[in-house]
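One structure is given here, and the rest of the page talks about it.
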Amino acid sequence: MKKSLVALAVLAASGAVMAQSSVTIGGKVFVGLVKMSDSSTKVYDPGNTAGSRVFFRGTEDLGGGLKANFALEERFNSDNGTTGSTVRRFHAYSTVGLAGGFGAVNFGRQYTAGFTAVNNAVDPFGGDTVAALRNIGMTTKNVRVDNSIRYDGAFGGVKLAASWATDEGEPIVAGGADVPFVTNPVSLALTYAGGPVAAGITYEKGGNDSKETQLFGSYDFGVAKASLGFATYDTVANVNTKSWLLAATAPVGSGLLKAGYARSETAGLLTNAKFGLGYQYNLSKRTWVGVNYGKDSEVAVNGSGIDFVLSHSF
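Just so you know, the working numbering puts the end of the sequence shown at 398, numbered straight through with nothing missing.
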């Protein structure tokens, strides 16, 4: 269970006011046992988006409907205790911002608007485990960006997100050197959710002058939910990659059955196709176990894998 620390500060001055602030400490430990067709069985951390992490989030009520907030998250590998980065701290995100009736504006290292709103909305495995499909069917080049500003606003069932980053250099490459962007990366996303229907579209111009467009739609039939996503990516040299992802989830017993198929083509030639299947059994609201299978057709991989995972949130 997330631990909340609540502090009330009283300003001892004329017309003193009372401001309430809170800090939440939480996280997740995610570990698995995996067997790939071309390797031996091993213990590993199967997480990417939903993997092991520790986070700190806080908010302060400034009055008049305005709030200040911050968020810090550090990822780590549950199989050996190492962090996901040797050159960063809180490399998942580190932000501070303001929120109110206008929406929310955050500054720092954070996810692009398109990634959280559209790119990660279709893969039933959330980019995790051997069954992950997102990196093939909803390919994106910028998941997070440094030195960025992001706006999020909600207008009924419609949500708008926009992010912009400077060209100071991201991502970090081997050896710890920055790779400066050619231009400022920009990401715009528009989504809708109402009843059983959800949909979204995003456009992004990367820091290397690449361009990508992604869209998705889903419908919840009650007994199952079906989702379809499509993405197109153009490099500076005008090499086009098109990909799509079809997925379905269905509640079965105390868990969730997941399945999907993703396909990617570059310059009209098949580069990868993958099938994923899994089942997540919920032991409680915070703990679940699962089994996942993935079959990848990429020539360089051409393999299959199966894993057994355990996830516990705190």
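Just so it is clear, CB atoms sit at the ideal spot from N, CA and C, and this is done for glycine as well.
Under a Cβ-count criterion, where at least 16 other Cβ atoms within 10 Å of its own Cβ denotes burial, should residue i be classed as buried or exposed?
i: PHE114; result: buried
i: THR196; result: buried
i: PHE186; result: exposed
i: ALA205; result: buried
i: THR267; result: exposed
i: PRO280; result: exposed
i: ASP122; result: exposed
i: THR166; result: exposed
i: GLY352; result: exposed
i: PHE305; result: exposed
Can you list, in chain order, the residues of its chain whose CB lies under 7 Å from that of residue i, leaving out five sequence neighbours each side?
i: SER302; result: ALA282, LYS309, ALA310, SER311
i: LEU367; result: VAL373
Give every residue of the same chain whose Cβ lies closer than 6 Å to the Cβ of residue i, excluding the five residues on either side of it in the sequence, and list them in chain order.
i: ALA332; result: ALA308, ALA310, ALA343
i: LYS379; result: PHE359, SER388
i: GLY241; result: TYR276, ALA277, GLY278
i: ALA346; result: LEU217, ILE220, GLY221, LEU329, LYS358
i: THR297; result: TYR287, THR316
What three-state label does DSSP hand residue i in the structure shown?
i: ALA114; result: Per the sequence shown, residue 114 should be read as Phe rather than Ala. Strand.
i: THR355; result: strand
i: PHE199; result: helix
i: ASN322; result: coil
i: SER381; result: coil
i: ARG218; result: helix
i: LYS225; result: coil
i: LEU340; result: strand
i: LYS243; result: strand
i: SER48; result: The first residue shown for the chain is 85 and the last is 398, placing residue 48 beyond what the model contains.
i: HIS175; result: coil
i: PHE191; result: strand
i: PHE209; result: coil
i: PRO335; result: strand
Cα-Cα, which of the options is closest to residue i?
i: TYR317; options: GLY337, GLU349, ASN153, GLU157; result: GLU349
i: GLY291; options: VAL320, ARG347, SER397; result: VAL320
i: ARG159; options: LEU182, PRO130, ASP122, SER388; result: PRO130
i: THR239; options: VAL229, TYR276, GLY135, LYS112; result: As written in the sequence, residue 239 is Phe, which differs from the Thr given in the question. If we check each option's Cα against that of PHE239, TYR276 comes out closest.
i: ARG172; options: GLY210, ARG193, GLY362; result: ARG193
i: ILE233; options: TRP248, GLY221, GLY116, THR143; result: TRP248
i: TYR365; options: LEU394, GLY148, ALA346; result: LEU394
i: VAL180; options: ASP207, SER162, ARG141, VAL202; result: ARG141
i: GLY221; options: THR250, GLY313, ASN322, VAL323; result: GLY313
i: ILE285; options: LEU272, GLY184, THR355; result: LEU272
Suppose the cutoff is 8 Å on Cβ atoms and the five residues either side in sequence are ignored; what does the same chain contact list for residue i look like?
i: ALA334; result: VAL307, ALA308, LYS309, LEU340, LEU341
i: ARG370; result: MET85, HIS396, SER397, PHE398
i: TYR177; result: ALA155, LEU156, GLU157, GLY192, ARG193, GLN194, TYR195, ARG228
i: ALA258; result: The predicted position of ALA258 is uncertain, since its pLDDT is 45 and thus under 50; no value can be drawn from it.
So with Cβ pairs under 9 Å, would you call residue i a contact of chain C?
i: GLY306; result: No chain C appears in the structure shown, which is made up of a single protein chain.
Which runs of the beta strand (DSSP E), 3 residues or longer, sit entirely within the region 272-299?
-> Taking only runs of at least 3 residues, the beta strand (DSSP E) segments lying wholly in the region 272-299 are 281-289.
Those runs of the beta strand (DSSP E) which lie wholly inside the region 127-169 and span at least 3 residues | 137-147, 150-159, all fully within the region 127-169.
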